[in-house]
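One structure below.
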Amino acid sequence: MNVARILVHAAAVALSASACVSTEKVPAADPSVTGAWRSLGDGSTISFAEGGLYSLVVKGQSRAVVGGWSYDPGERRLTLSTRRESPLCADDQAVYALRIGSLRMDADPVREGCDARRAVFAQSFERVGGAANAAPASRSAP
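Per the working numbering, residue 131 is the first one in the sequence shown, and the count goes up by one each step.
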C-alpha cells in the first residue's frame, strides 16, 4: 500500500468516527413532570428522571416497566417509549395528554395500545418527590 492510499484510508476512518459523535444537547426535562408520582388508586408509582428515563412500578408486578419519556408542554403531550425487556407493554409507545398541577397529575390517552398501562394512567397521581418540590439552586444560606 502506498503512502497516499494509507492517508486516504486514515482520513476516511477519522471522518466516519467523527460522524458518530453528536454535539446535540439533550433537551432539558420539564420540571412540571420530572420527579416521582404515586397513583391515588392502587399506589403504583412512576418516576420521570431528568435524563429522559422513566420507571413505572405497578402494584402486583415484580419488575418495573422502564423506558424513555418526553413531554411537549405546548401540546401537553407525554410520550412514553417502553423498553423491550419491560414486563408490561414491552417495546411499545404511548402518548397521553396531561393535566398537571403542582401536586397532582391526570392523564388522558391519545394513543395507547397497552391495556395494563392504560389502567394505571386512568388513575390520578400525586407528586411524592421531584422538581416541583425542589428548593431553587440559587438560594443562598442565611
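Just so it is clear, CB atoms sit at the ideal spot from N, CA and C, and this is done for glycine as well.
Nearest-angstrom Cα distance between G190 and A249?
13 Å
For S200 and S169, what's the separation of their Cα atoms in angstroms?
20 Å
Residues in the same chain with beta-carbon distance under 7 Å from G204, minus the five sequence neighbours each way, listed in chain order, please.
none
The stretch 232-241 touching the stretch 210-221, judged by at least three CB pairs closer than 8 Å
no
Please return the same chain residues whose Cβ sits closer than 6 Å to the Cβ of V108, not counting the five positions on each side in sequence.
Nothing in the structure corresponds to residue 108, since the chain is present only between 131 and 272.
Which term fits F255, buried or exposed, when burial requires 16 or more other beta carbons within 10 angstroms of its beta carbon?
buried
Spatial neighbours of A246 in its chain, beta-carbon cut-off 8 Å, leaving aside the 5 residues before and after
V188, L218 and C219
Host beta strand (DSSP E) of V250 (start-end)
No beta strand (DSSP E) holds V250; the alpha helix (DSSP H) holding it covers D245 to F251.
Which runs of the alpha helix (DSSP H) at least 4 residues long sit entirely within the stretch 153-219? Give them in chain order.
none
Among G171, D172 and L183, which has the Cα closest to the Cα of G165?
L183
Have a look at D172 and F251 and give me their C-alpha separation to the nearest angstrom.
11 Å
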